[in-house]
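Just so we're on the same page, this note's numbering is the position in the sequence shown counted from 1, plus 173.
The structure under discussion appears below in the form of structure tokens.
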Amino acid sequence: MPQISVNDLKNGITLELDNGLFQVVEFQHVKPGKGGAFVRTKIKNVRTGAVIDKTFNAGIKVEQAIVDRQDMQYLYQDGSDYVFMNTSTYDQMQVPRETLGEAADYLVEQMVAQIAMYQAEIIGVEIPASVELGIADTEPGVQGDRVSGARKPATLDTGKDIQVPLFVEVGDTVKVDTRSGDYITRV
Numbered sequence: 174m175p176q177i178s179v180n181d182l183k184n185g186i187t188l189e190l191d192n193g194l195f196q197v198v199e200f201q202h203v204k205p206g207k208g209g210a211f212v213r214t215k216i217k218n219v220r221t222g223a224v225i226d227k228t229f230n231a232g233i234k235v236e237q238a239i240v241d242r243q244d245m246q247y248l249y250q251d252g253s254d255y256v257f258m259n260t261s262t263y264d265q266m267q268v269p270r271e272t273l274g275e276a277a278d279y280l281v282e283q284m285v286a287q288i289a290m291y292q293a294e295i296i297g298v299e300i301p302a303s304v305e306l307g308i309a310d311t312e313p314g315v316q317g318d319r320v321s322g323a324r325k326p327a328t329l330d331t332g333k334d335i336q337v338p339l340f341v342e343v344g345d346t347v348k349v350d351t352r353s354g355d356y357i358t359r360v
């Protein structure tokens, strides 16, 4: 496994440490007046999602995990699994809902997602920052009810519940931020 100096860390690099697989969220090189330099990092456990702070002495070597990222197209749901197809080899892969996490709330057929794999294990799924989804259910808007900023609950085609403005109706298509679950605009 390749080694990398902590002086060369960048956001997004995945490291194999004693207690698991971690992705660098942020890092800071610190050179105090006294003593040796060090690198302060925030790292996220790829399997659990927990973010921890870790400090490394400057110049030490850590194991860099080589993560293979592939563009995969979401085809359909098979029981509790989601079936993806590699867009270049046409190989199909079943991904459990637990592995997808919140990304499953925004998946629509034919959407392309980036699947991150480490030693044949799926460690993450990245979807676009925003998606366009239909409104499956919401209360009808009341004529004349135009309170600025007022929201009502709505259910997306995928089953995810979000808050939308009062003018959004069943059958409308809306753009949703997949990072926060917030309504962006009606399409």
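No residue lacks a Cβ here, since even glycine has one placed at the ideal position from N, Cα and C.
CB-CB under 7 Å to Val360, same chain, minus the five flanking residues each way: which ones, in chain order?
Same-chain partners within the cutoff: Glu305, Thr346, Val347 and Lys348.
I believe Asp235 touches Gln176 by the beta-carbon criterion, under 8 Å. Please report the beta-carbon distance rounded to the nearest angstrom.
With the sequence shown as reference, residue 235 is identified as Val, and Asp is not the correct amino acid for it. 7 Å between Cβ atoms; contact.
Since I believe Met290 is in contact with Val256 (beta carbons under 8 Å), could you give me their beta-carbon distance rounded to a whole number of angstroms?
Not confirmed; about 16 Å, so no contact.
Can you list, in chain order, the stretches of the beta strand (DSSP E) that have 3 or more residues and sit fully within the stretch 253-295?
Correct list: 254-259, 265-269 and 285-291.
Report back the beta-carbon spacing between Val219 and Gln246 to the nearest angstrom; my notes put them in contact at under 8 Å.
Going by Cβ atoms, the distance from Val219 to Gln246 rounds to 23 Å, so no, they are not a contact pair.
Of the residues Gly307, Pro313, Val337 and Thr331, which one's Cα is nearest the Cα of Gly344?
If we check each option's Cα against that of Gly344, Gly307 comes out closest.
On the three-state DSSP scale, how would you describe Val341?
The answer is coil: DSSP assigns Val341 none of H, G, I, E or B.
Measure how close the beta-carbons of Thr328 and Ile295 come, nearest whole angstrom, since I'm counting them as under 8 Å.
Contact doesn't hold; Cβ gap of about 28 Å is too wide.
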